[in-house]
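Participant: According to this note's numbering, the stretch in the sequence shown is residues 268 to 459, in order. Beta carbons are placed, not taken as given, at the ideal position from N, Cα and C, and that holds for glycine. Just so it is clear, the structure is predicted and the values come from calculations on it, not from any experiment.
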Amino acid sequence: MRPRFSIIFCLLLFITAFGQKKETLNAKDKAIAEHFKNDYKKKNYKKFAGKITVKDNKVQFDDKVMLYDQSDKLTALLLREGLIYPQLLTDYQMDKFLDETEDKTQKRFLKLQKDPRTSFDVNNVKLTEASELTFLSSNPHVKRFKVLCRDNRISSTLTYFIELTNKNATDKTSTEDFIKNSKLTYIYQRTE
268 MRPRFSIIFC LLLFITAFGQ KKETLNAKDK AIAEHFKNDY KKKNYKKFAG KITVKDNKVQ
328 FDDKVMLYDQ SDKLTALLLR EGLIYPQLLT DYQMDKFLDE TEDKTQKRFL KLQKDPRTSF
388 DVNNVKLTEA SELTFLSSNP HVKRFKVLCR DNRISSTLTY FIELTNKNAT DKTSTEDFIK
448 NSKLTYIYQR TE
């Protein structure tokens, strides 16, 4: 009786120790999960329609350039597919400013400028460390990613959270195939 009890006890300890545990999120990931839960509004963004030229660690979108680390295949793919591009980020930042700023004087000043987009112009920034946020993606048709953006003009690093949707994807679709056939349906920016 004792040996049987000992074996059962050891098995229970083994199962408890090595059983699947639910991944716990850190504070930043919890904040992002809350954002997607409370403030998320799906939108359709167009892929870049102009000429995309890839050379070394640069991707040129007509007359604007974005840099990336050549070892970061995910960022390179997002740029080559035209899902993220300077004109998109410029428009996003301008819209974000107009939506969030309460100062009417600043809004009026912005509207008086000949080209208000120049204040928000995104050019020669470096995108790095793209990663999939698996804790935010439960649907095989939707994947969410995090990409860091470093701009030499400002001292802080911006983090972009993007959502891609691919209606033809399955659980077995590779990330590369998913991205190639997807469209951008959400973008969110935070300062880190």
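How big is the Cα-Cα spacing for GLN287 and LEU403?
Facilitator: Residue placement at GLN287 is flagged as unreliable, the pLDDT there being 48, under the threshold of 50; the coordinate-derived value follows with that caveat. For GLN287 and LEU403, the distance between alpha carbons rounds to 19 angstroms.
Participant: For PRO407, which residues in the same chain have their Cβ closer than 6 angstroms to its Cβ, ignoring the five residues on either side in sequence?
Facilitator: Excluding positions up to five away in sequence, the list reads ALA436, THR437, ASP438.
Participant: Could you please give me the residues that DSSP links to GLU399 through a beta bridge?
Facilitator: According to DSSP, GLU399 bridges with PHE412.
Participant: Do ASP329 and LYS318 count as a contact pair if the criterion is CB distance below 8 angstroms?
Facilitator: Contact: yes.
Participant: From GLU430, ARG457, CYS416, SER441, pick the residue whose C-alpha is nearest to that of ASN311; which is it?
Facilitator: Nearest option by C-alpha distance: GLU430.
Participant: Here's the rule: buried if 16 or more other CB atoms are within 10 angstroms of the residue's CB, otherwise exposed. What is SER441?
Facilitator: The residue in question, SER441, is exposed, as its Cβ has fewer than 16 Cβ neighbours within 10 Å.
Participant: TYR427 and ILE446 - do their beta-carbons sit closer together than 8 angstroms?
Facilitator: Contact: no.
Participant: DSSP has ARG347 in a bridge; who is on the other side?
Facilitator: Paired residue(s): none; ARG347 is not in a bridge.
Participant: Can you tell me the Cβ-Cβ gap for LYS393 and TYR335, rounded? I've got them flagged as a contact below 8 angstroms.
Facilitator: Their Cβ separation, rounded to whole angstroms, is 7 angstroms, which keeps LYS393 and TYR335 in contact under 8 angstroms.
Participant: Throw me the rounded Cβ distance for the THR452 and THR424 pair, which I believe falls under 8 angstroms.
Facilitator: That pair is no contact at about 24 angstroms.
Participant: Report buried or exposed for VAL321, applying the criterion of at least 16 other Cβ atoms within 10 angstroms of its Cβ.
Facilitator: VAL321 comes out exposed.
Participant: Rounded to whole angstroms, what's the CA-CA distance from LEU355 to LYS295? Just pull it up for me.
Facilitator: Whole-angstrom Cα-Cα distance: 25 angstroms.
Participant: What separation, rounded to the nearest whole angstrom, lies between the Cα atoms of GLU399 and MET361?
Facilitator: So the alpha carbons of these two residues sit roughly 26 angstroms apart.
Participant: Can you tell me which of ASP323, VAL332, LEU350, GLN456 puts its alpha carbon nearest to the alpha carbon of SER338?
Facilitator: If we check each option's Cα against that of SER338, ASP323 comes out closest.
Participant: Applying the criterion that 16 or more other CB atoms from any shown protein chain within 10 Å of the CB defines a buried residue, is LYS331 buried or exposed?
Facilitator: Answer is buried; the Cβ neighbour count reaches 16.
Participant: DSSP three-state call for LYS363: helix, strand or coil?
Facilitator: Helix at LYS363.
Participant: Do you know offhand how far ASN293's Cα is from LYS413's?
Facilitator: Each residue's Cα considered, the two are about 15 angstroms apart.
Participant: Between GLU369 and MET333, what straight-line distance do the alpha-carbon atoms span, to the nearest angstrom?
Facilitator: Spanning the two alpha carbons is a distance of roughly 31 angstroms.
Participant: Using a Cβ-Cβ cut-off of 7 angstroms (strictly less than) and excluding sequence neighbours within five positions of PRO353, which residues of its own chain qualify?
Facilitator: Excluding sequence neighbours, PRO353 sits near PHE328, LYS331, MET333, VAL389, ASN390.
Participant: I need the boundaries of the beta strand (DSSP E) containing GLU430, first residue and last residue.
Facilitator: It spans 424–432 - the beta strand (DSSP E) in which GLU430 sits, taken as one unbroken run.
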